[in-house]
Amino acid sequence: MRNLTLLTDLYEITMGQGYFNEGKHEQLAVFDVFFRPNRLITYSVAAGMEQVVEYLENLHFDGEDIAYLRSLGCFSEEFLAYLAQLRFTGDVVAVHEGELVFPYEPILTVTAPMVQAQLVETAILTFVNHQTLIASKSAKIVDAAGGGVMEFGLRRAQGADAGIYGARAAMIGGCVGTSNVYAGKLFHVPVSGTMAHSWVMNFHSEIEAFRAYARSFPDNCLLLVDTYDTLQSGVPNAIEVFKELRAAGHEPKGIRLDSGDLAYLSKQARKMLDEAGFPNAVICASGDLDEYSVASLKEQGARIDSWGVGTKLITSADLPALGGVYKLAAVFENGREVPKIKLSDTTEKITNPGVKELYRLYDRKTDKAIADYITLGNETVDENRPLELFHPVDTWRRKTVKDFRVRKLREKIVEKGRRVRPAAPLSELAAYFRAEKARFWEEYTRRDMPHIYKVDLSPALYALKSEMVKGKGKTE
């Protein structure tokens, strides 16, 4: 396992030096991870928590790290000696990977001595921001396709790690396989892929290239048919090779379209394959697809069975950053919680103070999600009493809910520096996401003009926040 302790911004360590000098380095602190609204965010799919756990368990400065920090000339020997012994000893609570999450919700909270809690900010945001972003994009593409989406983005990813962990996140969001062989091995997920245009171009004729591929993979023969002319050459040559395969006792898998008018080409190819006696041959499409183009192709009646999605998935092209932040919510002085708040002239940037808990309310009759509810950490939600919800900004917008059940969304994943929950296989995380998404009305998760899902504050949390805003952040 790589030592990623230096995967941080310099100011995290310079603040650590300052906390050390001021005697605040061992003060217990609470930091929340959440993201703010964006016009493209309807819902997000939480991911990356497993990498957070791995990182925290392995947190340590080795000899080379200390030597490098010494070379920067801005840290005292006393502080470097402190860092040389540092390990993560704190707690982390987080939502389950695959959970649907919404703006302002504390999806992960770190409680640890100040230097530790500050040091891990950048890496935690790196893991959670990236994978949540890609899992969310994957979920929306899969939703548009109705399933059968394969992640093909490694070559367009913004670096090797983005390709590897982007593939992981895409699987949580619903992809059924990846072209990324390394990710397949690392995460035990299906890998898929056939040929490139260069294979076809490397032979004297297209049909010769198809026959050579069929000889190598007679039981897994999926041919790329758009190198020269899809309908006049590619599909007819594929059919001829398919007939030869069948005569030899093998059944072809199908064809792939990578360019052109995919709706028209797929419909014509389907007709040609069916008439030739290959109704079970699949048609796979690829080529700069996303949820919008996939939905459009479906609306045009495209006869596409599976989808290879690369660039726009692995880079989340229309929303390249989630914008998750890591904010101080509280410190403890003499064992007493002292809430903290970040103020701003922009209302949306004012944080929610204090140690908090996150709940989801479900209608008992339909088992559908009603709203999410953020409370102070010492509060409970009584399912047997009506609950009034109100918008945290437009407080006049209110709704009373009855006959509901409540679920706490977060659980402890790290305690005293060690994991307390075993790593789950990606298939289990993907299944969890599907099950939880099914508990949301389609109006909240649809692609175009979705209803705004309610995320409300408890009266006690709202009162604390209002008091601190009026007092300009002071708690006493």
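Numbering (my numbering), first residue to last: 15 to 490.
Note that beta-carbon positions come from the ideal geometry of N, C-alpha and C, so glycine has one too.
Computed from a prediction, not measured in an experiment: that's the story for all the values here.
Quick one: using the 10 Å Cβ neighbour count with 16 as the cut-off for buried, is residue i buried or exposed?
{"i": "G338", "result": "buried"}
{"i": "Q130", "result": "buried"}
{"i": "E64", "result": "buried"}
{"i": "V434", "result": "exposed"}
{"i": "M15", "result": "exposed"}
{"i": "T208", "result": "buried"}
{"i": "C88", "result": "exposed"}
{"i": "H39", "result": "buried"}
{"i": "S320", "result": "buried"}
{"i": "K451", "result": "buried"}
{"i": "D240", "result": "buried"}
{"i": "Q31", "result": "buried"}
{"i": "S300", "result": "buried"}
{"i": "G324", "result": "buried"}
Rounded C-beta distance between residue i and residue j? I'm assuming under 8 Å.
{"i": "E119", "j": "L372", "result": "6 Å"}
{"i": "M164", "j": "S193", "result": "7 Å"}
{"i": "E429", "j": "D105", "result": "5 Å"}
{"i": "S150", "j": "G187", "result": "7 Å"}
{"i": "D288", "j": "K326", "result": "No, D288 and K326 are not in contact; Cβ-Cβ is about 31 Å, not under 8 Å."}
{"i": "P367", "j": "I355", "result": "4 Å"}
{"i": "L357", "j": "L475", "result": "Actually they are not in contact, since the Cβ atoms of L357 and L475 sit about 16 Å apart, beyond 8 Å."}
{"i": "P436", "j": "H202", "result": "Going by Cβ atoms, the distance from P436 to H202 rounds to 14 Å, so no, they are not a contact pair."}
{"i": "A183", "j": "A344", "result": "So it is not a contact: roughly 30 Å between Cβ atoms."}
{"i": "E305", "j": "A158", "result": "4 Å"}
{"i": "Y69", "j": "F141", "result": "7 Å"}
{"i": "Y196", "j": "W213", "result": "The pair is not a contact, with the Cβ atoms about 22 Å apart (cut-off 8 Å)."}
{"i": "G112", "j": "V59", "result": "6 Å"}
{"i": "L73", "j": "T19", "result": "5 Å"}
{"i": "F102", "j": "G431", "result": "5 Å"}
So who's on the other strand from residue i, going by DSSP bridges?
{"i": "E347", "result": "R350"}
{"i": "P127", "result": "L42"}
{"i": "E371", "result": "T389"}
{"i": "L401", "result": "V415"}
{"i": "S300", "result": "G322"}
{"i": "E425", "result": "A108"}
{"i": "L122", "result": "V47, A108"}
{"i": "S58", "result": "V115"}
{"i": "I269", "result": "L237, I297"}
{"i": "K341", "result": "D46"}
{"i": "D275", "result": "Its beta-bridge partners do not exist; DSSP assigns none."}
{"i": "A570", "result": "The question about residue 570 has no answer here: the residues shown for the chain are numbered 15 through 490."}
{"i": "R432", "result": "E429"}
{"i": "E165", "result": "T192, V323"}
{"i": "V420", "result": "L375"}
{"i": "V205", "result": "T192"}
{"i": "V308", "result": "V308 is not bridged to any residue."}
{"i": "L471", "result": "I388"}
Could you give the distance in angstroms between the alpha-carbon of residue i and the alpha-carbon of residue j?
{"i": "F224", "j": "I269", "result": "11 Å"}
{"i": "N251", "j": "M185", "result": "34 Å"}
{"i": "E71", "j": "T414", "result": "44 Å"}
{"i": "G487", "j": "L478", "result": "10 Å"}
{"i": "I364", "j": "V156", "result": "34 Å"}
{"i": "A153", "j": "R411", "result": "30 Å"}
{"i": "R453", "j": "S85", "result": "54 Å"}
{"i": "S472", "j": "I121", "result": "17 Å"}
{"i": "V44", "j": "V407", "result": "24 Å"}
{"i": "A444", "j": "S219", "result": "42 Å"}
{"i": "K370", "j": "E425", "result": "12 Å"}
{"i": "M29", "j": "Y446", "result": "39 Å"}
{"i": "P266", "j": "L259", "result": "7 Å"}
{"i": "K416", "j": "L114", "result": "23 Å"}
{"i": "S480", "j": "S330", "result": "36 Å"}
{"i": "E222", "j": "A174", "result": "35 Å"}
{"i": "S247", "j": "D233", "result": "23 Å"}
{"i": "A262", "j": "R229", "result": "11 Å"}
{"i": "N17", "j": "E92", "result": "23 Å"}
What residues in its chain sit with their C-beta under 8 Å from that of residue i, if we drop five residues either side in the sequence?
{"i": "M286", "result": "L245, V249, P250, I253"}
{"i": "D386", "result": "F116, E119, L372, Y373, R374, L375, L423, Y467, K468, V469, D470"}
{"i": "R317", "result": "S280, K281, A283, R284, I297"}
{"i": "Y33", "result": "H39, Q41, M128, V129, Q132"}
{"i": "D332", "result": "L54, D304, K326"}
Once you ignore the five residues that flank residue i on each side, which residues in its own chain have a CB closer than 7 Å to its CB?
{"i": "P464", "result": "T56, E457, Y458"}
{"i": "G177", "result": "G167, L168, A171, N194, I328"}
{"i": "A98", "result": "F75, I80"}
{"i": "E26", "result": "Q132, L133, E135, T136"}
{"i": "V67", "result": "I427, V428, R433"}
{"i": "V308", "result": "I155, A158, A159, W321"}
{"i": "T361", "result": "V407"}
Between residue i and the rest of its own chain, which residues show a CB-CB distance below 6 Å, the 5 nearest in sequence each way excluded?
{"i": "V395", "result": "Y373, V420"}
{"i": "L336", "result": "F49, N143, T146, L147"}
{"i": "F292", "result": "F256"}
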